[in-house]
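As they're listed, the protein sequences go chains W and D.
For the first sequence, the working numbering gives the first residue as 319, with consecutive numbering after it.
For the second sequence, the working numbering gives the first residue as 27, with consecutive numbering after it.
Ideal Cβ placement from N, Cα and C applies to all residues, glycine included.
Note that the structure is a prediction, hence the values are computed from the model and not measured.
First comes the structure, then the notes that go with it.
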Amino acid sequence: MANILSSGKIGKKHLSERGLVNLFIWPTLILLILVNIFPLFYSIFLSFNNYSVIGNKLPIWVGFQNFKDLLTNEQVWNYFAITGRYALLSVVLQTVLGFGLAMLIREKFKGSGIITTLILIPMMLSPVVVGLFWKLMFNPGYGIFNYLISWLGIPLTTDWLAKGDLALWAIVLVDVWMWTPFVMLLVLSGLSAIPEYLYEAAAIDRASSWFQFWHITLPQVAPLVLIAVLFRSIEAFKSFDLAMGLTGGGPGAATRLISIDIYTRAFLGQFKTGQASALAVIVLVVIIAISNLYITALNKAKES
Amino acid sequence: MKKLFYVVILLALLLTACKPTPVATDAPVATDAPPVTEPTVKQLTILWAEWDPANYLQEIGNLYEKETGIKVNVVQEPWGSFYDLMASQWAAKSDTYDMVVGDSQWTGQGATQGHYVNLTDFMKSNGIDQTVTEATLKYYGEYPVGSGTYWAYPTEGDAVGWAYRKDLFEDPAEMDAFKAKYGYELATPETWAELRDIAEFFTRPDNPKNGVKYGVGVYTQKDYDGMIMGYENVMFSWGADWFDPETFEVEGVVNSDKAVEALTFYRELYKFAPPGTSNAFYAEMNDAFISGQAAMIMNYFAFFPSLANPGVNPFAENTGFFAGPKGPDGQAFVALGGQGLSVLAYTSPERQQASMEFIKWFSQERIQKEWAKVGGYTCNKAVLASDEFLQNTPYNQAFSDSMQMVKDFWNIPVFGQMLEPVNRILHPYIVDGQGDPKALLDQLAVEQRQILVDNGILK
């Protein structure tokens, strides 16, 4: 058999190992280049041009003009500030609540499986659908939300989505409802990986619960919490569908996240494709910078 | 070597992306009608928004197939993505669709960017331009306005009208109470001031009449042109405007004293609207009416068939319709809706010719009668004036009245950029009272002027 394979005639009919590798890699690579790499480079190219996709004109090279226009525009900075506020509030609340929930359901009890599954349901839904459902629930005429929180003394007629100071909180609330389970899931996996003997040793040394939490639980789970924070921060920074479904960026531009601003410039009758590409590139740079900060922190946490 | 190979691939892709495309100028592109050839086209595809009139057009298309053997397929796209789909087709120079029933404000883009076929000679030589009302030809077909150059056949006339609850307006106790409070009879409003009084009168969240808690529903949607279509009914009727039609100047026009009064009034009206309608357009208006929340709503006439349908609207028997009221100086204008049928420039000359043959057939009076009969809002002069049309539905009289008062906003290629500051600046004031109306309109004038200057429309 070995002789037949090595004799050449039959061996030539089979793919070499290298050929097989290429057969698997190249279709994926070509798809990646066409769907990801090319659009990325093309949008970077367009960001240096005055170009409208429906304008029927060639892109006109304008260098850094689009970036200059955007970065000297007060409104754009305002949209970045709104996005930052939204991301910070959402991620902090999700992390605290997700951690708390994970601690609560860490120990197995009767029905804990079902409860965990129920808690995870919101993150399995489509953000647009969630946005539209919550829009109905926030409706001051017939929505249930104001009724549920009426014990706080908030008037039943409060229109959360029409008031500039409340609309952002409404989106944060829905985002927290939807994505806290994700943080909980990651933290839960971290908690289950902590060796039991660490707690046993601490108990023998008569360490308090707080001491155990601060010196065992938190350091052990920290890398996973940082991963959750990293994912959620990136997601929150480029969040679009939830806010679009709930407020469309309104009232006025009170909840116009930076991704909604990109959409507004790129579509909705404006079709400022070059400028929208430049803004997308800026957002990409910001997200890469934030990610690097988190990854540095993550590496430090792992080392310690 | 490998790295070099990847770099070569990426460079090749980038070069492909930079490949020159046909250049268009800002002037309307002369894509005149192609020479007449033997019809070889067996099917025509028309793109329109997803709504009842598109179903009616399909019925007309079926009639065309019966008469000529050429199949007409009306493809419907939800309103939310209709414009994006059309724009992506333009960008790709796609020949998927032969014709589009497009919004009036697209005409500037269609004409100057080469997406639409110039129909001037075709419409004039066949006398089609003489068959439709002047206002519809001007707003749905012509670009630039007053140029006598046509890019679309006025197909679906539409305007913002009003629906109201007759059971409330004709209730003797309510009529007496209204007269006692305001000093005149309760009836369909002749003026905006009367409409405001009626809206206030029926706003009783704690003491509803026949379940109605609020007086009026008005457009507030800020994503595209919804709120603008609502506000401009008031603004135009107050004698204000978006810009000077001769010079395109906005300073002193969009922020005139009359505009300030109109904006203040529109804000006042919203106070009598159902809570939760802070980002509301046509669907939310009909919802507010059908669910019995509002005594009156504004909406495009194209959305009124469902209000007259007892299967959809439980108050259909008690629903009446009226045209937009007058402003303080007696002027009455209503916002234009509706669309024109354009031939897309990226199909073959044969298909363009076949599309024009369809328009020629469709524009005949007998077909326009049929179009009106199935539910379409014809722009044909003769059909609009006929008793048969006026009595066909409970809202056709109001529609006919409204079409005498229509006025439109910008149809210039940068209309989308002009919409954005209006929504951003005025929406918080209208729905939440944020800001001073004069200061807001001044800011709007500055921003819109800059857009016009940046795009070479103003100096």
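{"Asked": "D:Y190: first and last residue of the uninterrupted beta strand (DSSP E) it sits in", "Found": "V186 to R191"}
{"Asked": "Alpha helix (DSSP H) segment containing D:D202, residue limits", "Found": "P198 to Y208"}
{"Asked": "Unbroken stretches of the alpha helix (DSSP H), 4 residues or longer, contained in the region 209 to 247 of chain D", "Found": "218 to 227"}
{"Asked": "W:I600 in three-state terms, based on DSSP", "Found": "helix"}
{"Asked": "Other residues of its chain near W:S468: CB distance less than 8 Å, five sequence neighbours each side excluded", "Found": "L474"}
{"Asked": "Interface flag, D:S304 vs chain W, CB-CB below 9 Å", "Found": "yes"}
{"Asked": "Near-chain W residues of the region 348 to 382 of chain D - C-beta to any C-beta below 8 Å", "Found": "none"}
{"Asked": "Nearest-angstrom Cβ-Cβ length linking W:A405 and W:F555, presumed shorter than 8 Å", "Found": "5 Å"}
{"Asked": "For D:Q139, the three-state DSSP class (helix, strand or coil)", "Found": "coil"}
{"Asked": "C-beta atoms of W:F417 and W:M502 nearer than 9 Å", "Found": "yes"}
{"Asked": "6 Å Cβ shell around W:G567 - same chain, five flanking residues per side excluded", "Found": "T573, R574 and I578"}
{"Asked": "Cβ pair count under 8 Å reaching 3, the region 428 to 448 of chain W against the region 290 to 305 of chain D", "Found": "no"}
{"Asked": "Proximal chain W residues relative to D:Q430, where beta-carbon distance stays under 9 Å", "Found": "Those within 9 Å of D:Q430 in chain W number zero; the least Cβ separation is about 28 Å."}
{"Asked": "Cβ pair count under 8 Å reaching 3, the region 242 to 256 of chain D against the region 272 to 285 of chain D", "Found": "no"}
{"Asked": "Run of the alpha helix (DSSP H) containing D:F274, from where it starts to where it stops", "Found": "Note, D:F274: premise wrong, no alpha helix (DSSP H); not H, not E."}
{"Asked": "DSSP-derived helix/strand/coil call for D:D129", "Found": "strand"}
{"Asked": "Contacts of W:K618 in chain D (Cβ-Cβ under 7 Å)", "Found": "None at all; the shortest Cβ gap to chain D is about 32 Å."}
{"Asked": "Whole-angstrom distance between D:G243 and W:L544, CA atom to CA atom", "Found": "48 Å"}
{"Asked": "Stretch pair the region 333 to 346 of chain D + the region 481 to 495 of chain W: three plus CB contacts closer than 8 Å", "Found": "no"}
{"Asked": "Short Cβ contact (9 Å threshold) for W:I552 with W:I608", "Found": "yes"}
{"Asked": "Three-way DSSP call (helix, strand, coil) for D:C176 in this model", "Found": "Reading the sequence as shown, one finds Tyr at residue 176 of chain D and not Cys. Three-state result, D:Y176: strand."}
{"Asked": "From W:Q588, W:V353, W:R550 and W:L597, residue whose alpha carbon lies closest to that of W:V409", "Found": "W:R550"}
{"Asked": "W:I423 beta carbon less than 9 Å from that of W:L506", "Found": "yes"}
{"Asked": "Pairwise C-alpha distance: W:M442 and D:D267", "Found": "48 Å"}
{"Asked": "Given D:R191 as reference, the closest of D:Q476, D:A334, D:L470 and D:D147 once Cα atoms are compared", "Found": "D:A334"}
{"Asked": "Chain D residues whose Cβ lies nearer than 7 Å to that of W:I372", "Found": "A113, W116, A117, Q135 and Q139"}
{"Asked": "Element boundaries [alpha helix (DSSP H), containing W:E392]", "Found": "E392 to L422"}
{"Asked": "Separation of D:G459 from D:W328, as counted between CA atoms", "Found": "Looking at the sequence itself, residue 328 of chain D is Ala, so the reference to Trp does not match. Cα to Cα, D:A328 sits roughly 31 Å from D:G459."}
{"Asked": "Contact the region 163 to 179 of chain D vs the region 206 to 220 of chain D: 3+ CB pairs below 8 Å", "Found": "no"}
{"Asked": "D:N406 - DSSP class collapsed to helix/strand/coil", "Found": "strand"}
{"Asked": "Proximity below 9 Å, CB of W:S361 to CB of W:K590", "Found": "no"}
{"Asked": "Own chain, CB closer than 8 Å to D:D121, minus 5 neighbours either side, in chain order", "Found": "L370, Y372, T373, S374 and R377"}
{"Asked": "Distance CB(W:P458)-CB(W:T476) smaller than 9 Å", "Found": "yes"}
{"Asked": "Cutoff 9 Å: W:L479 Cβ touching any chain D Cβ", "Found": "yes"}
{"Asked": "6 Å Cβ shell around D:D434 - same chain, five flanking residues per side excluded", "Found": "S130, Y165 and L362"}
{"Asked": "D:K248 at chain W interface by Cβ criterion, 9 Å", "Found": "yes"}
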